[in-house]
Amino acid sequence: MKQARVKDIYHLINNMAPFETAEDFDNVGLLVGDKEQIVNNILVALDLNDDTLEYALKINAQLVVVHHPLIFSPIQSITTDSYEGRLILKLIKNNISLIAAHTNMDKSPYSASCQLAKKLELKNTSMADEYICVGDLPESLSANELCLQLEKILSQKVVLRGDEKLIINRLAIAGGSYSEGLHSAIDSGAKAYLTGELRHHHILEANSLGLVLFEGGHFETEYPMVPHLTECLQKDVNALELNVRVFSSRLS
1 MKQARVKDIY HLINNMAPFE TAEDFDNVGL LVGDKEQIVN NILVALDLND DTLEYALKIN
61 AQLVVVHHPL IFSPIQSITT DSYEGRLILK LIKNNISLIA AHTNMDKSPY SASCQLAKKL
121 ELKNTSMADE YICVGDLPES LSANELCLQL EKILSQKVVL RGDEKLIINR LAIAGGSYSE
181 GLHSAIDSGA KAYLTGELRH HHILEANSLG LVLFEGGHFE TEYPMVPHLT ECLQKDVNAL
241 ELNVRVFSSR LS
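For the sequence shown, position 151 (counting from the first letter as 1) is numbered 151 according to my numbering, and the numbering increases by one without interruption.
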């Protein structure tokens, strides 16, 4: 087995979801660390927080790959006086690098939207826009029946907004918070739209247009990406005969 370095994992992620496709406002790529650092253990998570970092230390991870960037807005200083500063200093102190793959991952086939579509066994899937995966249900369900199915998949209470008796045969999905995707969902021919969070005026507009909405929670609708990315990274490093183990965390 060969040694892996941070740059090797960076390139693997870039092949899955090119960093250059991220939105201009986003902050992705190697945020903390050394691209030449040797990596034996990797932790994949949605966020870097105190619990995630403690788990990274427990498994002796040299690299953490997160979805949401820890460093987003410009930082004036890195001190223990700020939440981000404490985490960054702890990463550096423990020689742990940090990679973020955010909107570039959301636009890729590895996105939470695509993984949820697979879990629901949607057929004839396609992308309604850069973030929304849409497809046909294996069988038509009432909105209420579909809501119960979503709750089982997400292990989370799902809020149904709209006509609970409406028969749904086509569903649009966007992991996380994508209230703005309302019109893409409608244009795709979907009868219902699942996302993590919705704004009030979008809910009112959707109801007036007869589109059923499901709010499944930001974390819960994005998490399916984590185990999938973990599995794919492990397969990729194995194929390259790199001495790396990839772990995942559901801590939020």
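Note that beta-carbon positions come from the ideal geometry of N, C-alpha and C, so glycine has one too. Remember, predicted model here, so these are calculated numbers, not experimental data.
Note: residue 247 is bridge-paired with 43 in the DSSP secondary-structure output. Distance from the CA of residue 1 to the CA of residue 240, rounded to the nearest whole angstrom, comes to 9 Å.
For residue 189, there is no enclosing beta strand (DSSP E), since its DSSP letter is neither H nor E.
For residue 153, the enclosing alpha helix (DSSP H) begins and ends at 143 to 154. In the three-state reduction of the DSSP assignment, residue 31 falls in the strand class, which pools E and B. Distance check between residue 157 and each of 118, 51, 215 places 215 closest, using alpha-carbon atoms only. Between residue 6 and residue 98, the C-beta gap is not smaller than 7 Å, which leaves the two residues out of contact.
Looking at 248, 235, 225, 178, the one whose alpha-carbon comes closest to that of residue 109 is 225. In terms of Cβ geometry, residue 168 and residue 154 do not form a close pair [threshold 7 Å].
For the options 22, 237, 9, the alpha carbon positioned closest to that of residue 111 is the one of 22. Short of 6 Å from the beta carbon of residue 175, and not among the five residues preceding or following it, lie these beta carbons of its own chain, in chain order: 112, 113, 221, 222. Using a Cβ distance threshold of 7 Å, residue 59 and residue 27 do not count as a contacting pair. Between the beta-carbon of residue 202 and that of residue 182 there is about 5 Å, and that keeps the pair under the 8 Å contact cut.
Here DSSP, grouped into helix, strand and coil, assigns residue 19 to helix.
Distances from the CA of residue 149 to each of 177, 116, 123, 127 were compared; the closest alpha carbon is that of 116. Distance from the CA of residue 91 to the CA of residue 53, rounded to the nearest whole angstrom, comes to 8 Å.
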